[in-house]
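A.B. asks: Below: one structure in structure tokens.
In the UniProt record's numbering, the protein residues as written are 1 to 313.
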């Protein structure tokens, strides 16, 4: 089994992840205030998706996450789109990222991670921040398989199993990865209640111990949380696994999952101030989640470049 993330990490020591897709699409005029969220752009604005990926690569990102967090066959079909066209739309998200990589690479290796958002994202009720939903292992797998298969067929380098708040779902997707996609690897980024618990209340010790046993899981970490939660979470996870740690928090603004609106937080800390601390706490792959921008990713990239130079000097 090839592990593209580990290969690139071995080469560069630290990696830069990209930032928010929806934020940049909204700036480009895409209306994301619906159940499909940023996946709406796959219907008629795919060029704008490619442009966002390009902006992040230009800002220094080593890895792009496909615009499939909320893009599932079930979500598209709920909007009256056929099953075949739904799968084609998921693949289109990979093609958009591939096009951006082809334009930006200049002989530099860049990775594309196929986003696997949680079932809670499909519910579109904010439950990716609570984990308060319940399906059987098989039902979770039936939900996730079509998207994973489409991303695999379209050429994603690995999966980004992200914003995961529900331990049963994590078990289901990991088992699906092992059983149906033996040539693929993934990272798992958790949605946490605090530094000790997954959003559904499962102790992080239990979650990380479970994930640590699988060779197919290349990295473990957290995303879509406030910046101040990152260091305590890293300190907890770092003691439980030898796998690389990945973090991509929100930019510090405050989200209301009911109104689906953000409130600007002028007191939010800067990535440049926090990245060195996160690296000392074990982070190897760093990027941004909701509301982050190419400016933030450039800031992270500059901070990592400085640390890389110290590691190789």
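Think of the CB as a built atom: it goes at the ideal place given N, C-alpha and C, for glycine as much as any other residue.
Note that this is a predicted model, so its numbers are computed, not measured.
1. So, at 7 Å on beta carbons, what are the nonlocal neighbours of residue 129 in its own chain, with the 5 sequence-adjacent residues on each side left out?
2. Within 10 Å of its beta-carbon, does residue 310 have 16 or more other beta-carbons around it, so buried, or fewer, so exposed?
3. Drop a sphere of 10 angstroms on the beta-carbon of residue 118, count the other beta-carbons inside from all chains shown, and report buried for 16 or more, exposed for fewer.
4. Just how far apart, CA to CA, sit residue 136 and residue 58?
5. Going straight from the alpha carbon of residue 147 to that of residue 83, what length do you get?
6. Between which two residues does the beta strand (DSSP E) harbouring residue 159 extend?
7. Would you give the residue range spanned by the beta strand (DSSP E) that residue 131 belongs to?
8. For residue 315, which residues from the same chain have a beta carbon less than 6 Å from its beta carbon, with the 5 sequence-adjacent residues on both sides left out?
9. Pick from 70, 86, 204: whose alpha carbon is nearest that of residue 116?
10. What are the boundary residues of the beta strand (DSSP E) that residue 247 is part of?
11. If you reduce the DSSP assignment to three classes, tell me which class residue 81 lands in.
12. Please give me, in chain order, every unbroken run of the beta strand (DSSP E) with length at least 3 that falls completely inside the stretch 20-83.
13. Which class does residue 203 belong to by DSSP, given the choice of helix, strand or coil?
14. So, at 7 Å on beta carbons, what are the nonlocal neighbours of residue 56 in its own chain, with the 5 sequence-adjacent residues on each side left out?
15. Comparing C-alpha positions only, which one of 211, 8, 223 sits nearest to residue 242?
16. Examine chain B for any beta-carbon lying closer than 9 Å to the beta-carbon of residue 2, and answer yes or no.
17. The alpha helix (DSSP H) spanning residue 6 covers which residue range?
18. Would you decide whether residue 263 is buried or exposed? Buried here means 16 or more other CB atoms lie within 10 Å of its CB.
19. Would you tell me roughly how many angstroms separate the C-alpha atoms of residue 88 and residue 46, rounded to the nearest one?
20. Buried or exposed for residue 144, going by 16 or more other Cβ atoms inside 10 Å?
21. Just tell me which of 7, 6, 13, 288 has its CA closest to the CA of residue 308.
C.D. replies: Let me lay it out:
1. Sequence index remark: in the chain shown, residue 129 carries index 129 (1-based). If we look at residue 129 and ignore the five residues flanking it on each side, its Cβ neighbours are 165, 191, 199, 257.
2. Indexing the chain shown from 1 puts residue 310 at position 310. Label assigned to residue 310: exposed.
3. Here the question's residue 118 lines up with position 118 in the chain shown. Under this definition residue 118 is a buried residue.
4. To locate residue 136, count along the chain shown from 1; it is residue 136. To locate residue 58, count along the chain shown from 1; it is residue 58. For residue 136 and residue 58, the distance between alpha carbons rounds to 42 Å.
5. Here residue 147 is taken as the residue at index 147 of the chain shown, counted from 1. Here residue 83 is taken as the residue at index 83 of the chain shown, counted from 1. Taking the straight line joining both Cα atoms gives about 11 Å.
6. On the chain shown, residue 159 is found 159 positions in, with the first residue counted as 1. Where residue 159 is concerned, the enclosing beta strand (DSSP E) stretches over 158-164.
7. Your numbering for residue 131 matches position 131 in the chain shown. Segment: none, residue 131 is in no beta strand (DSSP E) and carries neither H nor E.
8. Any answer about residue 315 is impossible in this case: the structure gives the chain only from 1 up to 313.
9. Position 116 of the chain shown, counted from the first residue, corresponds to residue 116. Nearest of 70, 86, 204 to residue 116, Cα basis: 70.
10. The residue you call residue 247 lines up with position 247 of the chain shown. Residues 245-248.
11. Your numbering for residue 81 matches position 81 in the chain shown. Residue 81 falls in the coil class under three-state DSSP.
12. 63-65
13. On the chain shown, position 203 is the one that residue 203 refers to. Here residue 203 sits in strand by DSSP.
14. The sequence position of residue 56 within the chain shown is 56, counting from 1. Excluding residues within five positions, the ones whose Cβ falls inside 7 Å are 18, 19, 64, 294, 297.
15. Residue 242 sits at position 242 when you count from the first residue of the chain shown. With distances taken between Cα atoms, residue 242 lies closest to 211.
16. In the displayed structure, chain B is absent; only one protein chain is listed.
17. Here residue 6 corresponds to residue number 6 of the chain shown, with the count starting at 1. Counting along the chain, the alpha helix (DSSP H) containing residue 6 begins and ends at 4-12.
18. The count along the chain shown starts at 1 and reaches residue 263 at position 263. Flag for residue 263 reads exposed.
19. Start at 1 with the first residue of the chain shown, and residue 88 comes out as number 88. Start at 1 with the first residue of the chain shown, and residue 46 comes out as number 46. Roughly 12 Å between the two C-alpha positions.
20. Within the chain shown, numbered from 1, the residue matching residue 144 stands at position 144. Burial call: buried.
21. Along the chain shown, one-based indexing puts residue 308 at 308. Taking only the C-alpha atoms, the option nearest residue 308 is 13.
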